[in-house]
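J.: Numbering (our numbering), first residue to last: 138 to 850. Virtual Cβ for every residue (Gly too), placed ideally from N, Cα, C.
(1) Under three-state DSSP, which class holds residue 514?
(2) What's the C-alpha gap between residue 829 and residue 816?
(3) Restricting to runs no shorter than 4 residues, where is the alpha helix (DSSP H) found entirely within the region 765-803?
(4) Report buried or exposed for residue 761, applying the criterion of at least 16 other Cβ atoms within 10 angstroms of its Cβ.
(5) For the 8 Å Cβ check, are there 3 or more pairs between the region 750-766 and the region 606-616?
(6) Consider the C-beta atom of residue 850 and the heavy atoms of the ligand ATP; say whether any pair is separated by less than 7 Å.
(7) Taking residue 316 as part of the alpha helix (DSSP H), name the residues at either end of that continuous run.
(8) Once the 5 residues before and after residue 162 are set aside, which same chain residues still bring their CB inside 7 Å of it?
(9) Are the beta-carbon atoms of residue 802 and residue 793 separated by less than 8 Å?
(10) Assess, as a yes-or-no matter, whether the region 263-277 is touched by the region 175-190 under the definition of 3 or more beta carbon pairs within less than 8 Å.
(11) Rounded C-beta distance between residue 727 and residue 497? I'm assuming under 8 Å.
(12) For residue 512, tell me which candidate among 522, 160 and 550 has the shortest Cα-Cα distance.
(13) Which stretch, first to last residue, makes up the alpha helix (DSSP H) that contains residue 174?
(14) According to DSSP, residue 861 sits in a beta bridge with which residue or residues?
(15) Any contact of the region 779-793 with the region 627-635, i.e. 3+ C-beta pairs under 8 Å?
(16) If you count every other CB in all the chains shown that lies within 10 Å of the CB of residue 635, and 16 or more means buried, which is it?
(17) Count the other CB atoms, across all protein chains shown, that sit within 10 Å of the CB of residue 583; report buried if there are 16 or more and exposed otherwise.
(18) Residue 494 by DSSP, collapsed to three states: which one?
(19) Roughly how far, in whole angstroms, is the beta-carbon of residue 404 from the beta-carbon of residue 324, given that I think they are within contact range, below 8 Å?
(20) Would residue 789 be called buried (16 or more neighbouring beta carbons within 10 Å of its own) or exposed?
(21) Taking the alpha carbon of residue 267 as the reference point, which residue from 652, 291, 344 and 322 has its own alpha carbon closest?
(22) What's the C-alpha gap between residue 796 and residue 554?
(23) Can residue 171 and residue 218 be called in contact, C-beta distance under 8 Å?
(24) Tell me, please, which residues DSSP counts as bridged to residue 290.
(25) In chain order, what residues of the same chain have a beta carbon less than 8 Å from the beta carbon of residue 180, not counting five sequence neighbours either side?
(26) In the structure shown, what three-state DSSP assignment does residue 442 receive?
(27) Put residue 579 into one of helix, strand or coil per three-state DSSP.
(28) Throw me the rounded Cβ distance for the residue 708 and residue 619 pair, which I believe falls under 8 Å.
(29) Would you call the CB atoms of residue 535 and residue 420 closer than 8 Å?
(30) Flag this pair as yes or no: are the beta carbons of residue 489 and residue 687 separated by less than 8 Å?
(31) Got a sec, what are the start and stop residues for the alpha helix (DSSP H) residue 239 sits in?
(32) In chain order, which continuous runs of the beta strand (DSSP E) of length 3 or greater are located wholly inside the region 232-272?
(33) What residue from 840, 500, 250 and 749 has the CA that sits closest to residue 153's CA?
(34) Against chain C, does residue 645 count as a neighbour if the rule is that its beta carbon must be under 8 Å from one of theirs?
(35) What are the boundary residues of the beta strand (DSSP E) that includes residue 845?
(36) So, for residue 311: in the same chain, excluding its five sequence neighbours on each side, which residues have a beta-carbon less than 7 Å away from its beta-carbon?
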């Protein structure tokens with residue numbers, strides 16, 4: 138009778154300097170018992186190992202037992218057991234780092250300590266092996282198709298544009314894949330396969346961004362003579378020197394494994410960039426297979442994994458809302474080491490003895506203090522766990538409401554470049570200076586559905602009832618509160634200003650403003666019999682591609698749990714669908730966007746008004762600092778500069794950009810402007826950084842602005 142093995146006991150890791158454990162997977166046939174050796178190694182690059190990225194699975198779902206160091210046993214999940222069997226060599230050992238085995242999960246102090254090293258662990262691995270699970274749902278066919286597309290093109294991230302897609306070969310197929318203007322039609326079988334493939338649990342894990350990021354870090358500094366030509370139909374032969382610099386080698390730094398099928402992470406990345414590019418310009422089809430909003434979102438989520446970047450807190454929060462994890466604290470800990478330079482000091486030391494809400498609170502207060510900004514509050518959606526402070530994003534919720542305002546990452550300057558001191562009140566409240574714009578008078582049903590057809594005469598209930606009711610007795614060409622016409626206001630509200638001209642240089646992804654205004658007019662008047670002839674004529678003049686861009690811009694904004702709203706003073710807004718009459722819209726000093734707030738009963742003895750955050754909103758006429766500084770000077774508009782990821786002021790006559798707000802330069806004394814100019818110097822030599830000027834309630838009073846301190850609870 139064989140002696141019963143005892144449970145493996147972890148030896149403590151040294152804490153004075155970086156150490157780790159690795160496991161040696163002993164050789165065997167597929168049906169043999171899994172046997173490993175665990176040893177300690179310095180985390181200094183001297184140990185050669187591969188890192189495994191996988192989904193844990195449930196430990197209560199038939200856990201399996203493996204042998205450790207010849208005499209001990211350790212229980213692992215079924216999915217990990219399957220991965221190790223596929224990774225095991227028949228005749229030689231394989232050195233791996235696997236979190237569930239190499240970290241003592243029951244020692245919370247060690248767990249936090251090792252989590253802080255995980256980015257370095259994956260960075261120093263010779264290869265990251267990505268286990269997607271067993272073969273199923275036509276995965277072999279799907280991976281072969283993805284591999285074929287990904288091997289025909291190459292993604293390059295440059296200083297001139299966000300990315301370019303280059304053909305690896307000179308054949309027509311490679312050129313078609315890399316072209317902005319040529320249609321890519323996928324078979325129904327492949328669409329179904331992609332849906333099954335990308336809904337595998339691995340793509341939803343919160344940790345994969347940290348695990349796969351080392352495979353994305355290569356920044357290809359390729360300066361093209363004319364980046365636009367790189368996407369042209371008639372592309373010249375690709376520069377072989379560029380392609381050599383772009384080549385990651387035969388397999389790349391990471392490999393996907395699905396049963397017996399493998400492909401390089403680089404090829405998946407290239408294929409996803411191709412899909413996303415075609416999708417953005419309406420060239421992914423065929424048109425006979427409608428691409429649902431859910432499918433678009435899933436492609437976008439997967440494509441975000443493939444980008445060469447480090448993360449800002451804004452992109453972190455935006456991406457992590459839709460990921461899954463066993464421990465909700467990992468939504469923060471999983472990516473702390475991946476921050477971009479402006480946010481690098483915001484390192485939160487992993488501590489698994491803290492409740493999740495306390496971890497989130499630390500993140501919010503640390504971000505506000507470091508960034509001198511309240512923009513992290515835009516991820517508070519007012520529908521969180523009962524008792525959860527409304528100013529702390531509820532990252533514990535794995536299925537938060539989608540808000541288009543947050544998904545598109547659009548920049549604004551609702552409080553210009555101002556920031557103010559924020560005070561914590563006890564454990565559950567903060568006090569912030571603000572300007573209340575108005576109270577909500579009437580809300581309209583949310584845009585829960587957006588036309589998915591390219592039929593330009595298509596009119597939904599949204600256009601037939603909501604828009605005319607929203608305008609009251611007005612006409613699209615009439616002036617509205619907040620400035621401009623109803624037509625311009627409705628376009629900006631429905632798209633959150635996602636039109637081509639609001640980016641510098643102008644974006645091909647979004648519709649052109651004048652064409653989009655024609656289409657809005659078509660959609661509104663096309664519902665009315667009296668305007669049918671005009672609508673028919675307008676429809677013939679509208680390009681299909683521009684219509685698709687407008688449709689997608691509206692989907693990414695207003696369709697995501699937003700609805701139109703009028704305030705008591707007649708201001709037009711786009712607000713979260715759970716906004717109610719009596720809520721207020723306000724600019725919190727230090728935030729780039731306004732918020733809907735809901736006043737609650739003040740606690741006994743407190744004279745400060747208390748509010749809960751309902752969510753971020755768009756208020757026409759108040760997105761560029763007008764609540765604090767008045768309207769922009771004639772001929773000046775704000776745009777998002779792609780290269781620096783900054784909101785800048787553009788002179789419409791000269792086309793010149795300036796980071797400084799001309800209104801601030803005009804109203805403050807030289808003493809106050811010294812601080813502003815110093816901040817401008819820093820921002821002008823940075824990316825993703827806006828200049829800052831501290832103001833208080835007294836400063837607002839000097840500007841003739843009625844500010845007040847609001848307590849957010």
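T.: Once the coordinates are examined:
(1) DSSP places residue 514 within a helical segment (H, G or I) once states are collapsed to three.
(2) A direct Cα-to-Cα measurement between residue 829 and residue 816 gives close to 6 Å.
(3) List check, alpha helix (DSSP H) in window: nothing returned.
(4) Result: buried.
(5) Taking 8 Å as the limit for Cβ pairs, the verdict is that the region 606-616 does not touch the region 750-766.
(6) With respect to the ligand ATP, the structure shown offers nothing to examine, as it has no ligands at all.
(7) Premise fails: residue 316 is in no alpha helix (DSSP H) and is neither H nor E.
(8) Here the set comprises 173, 221, 224, 225, 230, 231 and 233.
(9) Taking 8 Å as the cut-off, the Cβ atoms of residue 802 and residue 793 do not count as close.
(10) As far as the Cβ criterion goes, the region 175-190 touches the region 263-277, which means the pair count is three or higher.
(11) Wrong, their Cβ atoms sit about 19 Å apart, outside the cutoff.
(12) For the residues 522, 160 and 550, the minimum Cα distance to residue 512 belongs to 550.
(13) The continuous stretches of alpha helix (DSSP H) do not include residue 174, which lies in the beta strand (DSSP E) extending over residues 172-179.
(14) With the chain covering 138 to 850 only, the question about residue 861 has no answer from this structure.
(15) Remark: fewer than three beta-carbon pairs, one from each stretch, lie closer than 8 Å, so the region 779-793 and the region 627-635 are not flagged as touching.
(16) Buried.
(17) Residue environment: residue 583 is assigned as buried (16 or more neighbouring CB atoms within 10 Å of its CB, all protein chains considered).
(18) Look at residue 494 here: in three-state DSSP terms it is helix.
(19) Not quite, the Cβ-Cβ distance comes to about 19 Å (not below 8 Å), so this is no contact.
(20) Residue burial is scored here from C-beta neighbours: residue 789 has fewer than 16 other C-beta atoms within 10 angstroms and is therefore classed as exposed.
(21) Ranking the options by Cα distance to residue 267, first place goes to 344.
(22) When rounded, the separation of the alpha-carbon atoms in residue 796 and residue 554 is 10 Å.
(23) Less than 8 Å separates the beta-carbon of residue 171 from that of residue 218.
(24) Residue 290 pairs with 304.
(25) Counting only Cβ-Cβ distances below 8 Å, and skipping sequence neighbours, we find 155, 156, 157, 254, 257, 258 and 261.
(26) Residue 442: helix per DSSP, three-state reduction.
(27) If DSSP states are grouped into helix, strand and coil, residue 579 belongs with the strands.
(28) Their Cβ separation, rounded to whole angstroms, is 5 Å, which keeps residue 708 and residue 619 in contact under 8 Å.
(29) Result no, Cβ atoms of residue 535 and residue 420 do not sit closer than 8 Å.
(30) Taking 8 Å as the Cβ cut-off, residue 489 and residue 687 do not qualify as a contacting pair.
(31) Run containing residue 239: 236-239, per the alpha helix (DSSP H) assignment.
(32) With a minimum length of 3 residues, the continuous beta strand (DSSP E) runs that stay inside the region 232-272 are 265-270.
(33) When only C-alpha atoms are compared, the closest one is 250.
(34) In the displayed structure, chain C is absent; only one protein chain is listed.
(35) For residue 845, the uninterrupted beta strand (DSSP E) segment begins and ends at 845-849.
(36) Hits under 7 Å: 289, 290, 304 and 305.
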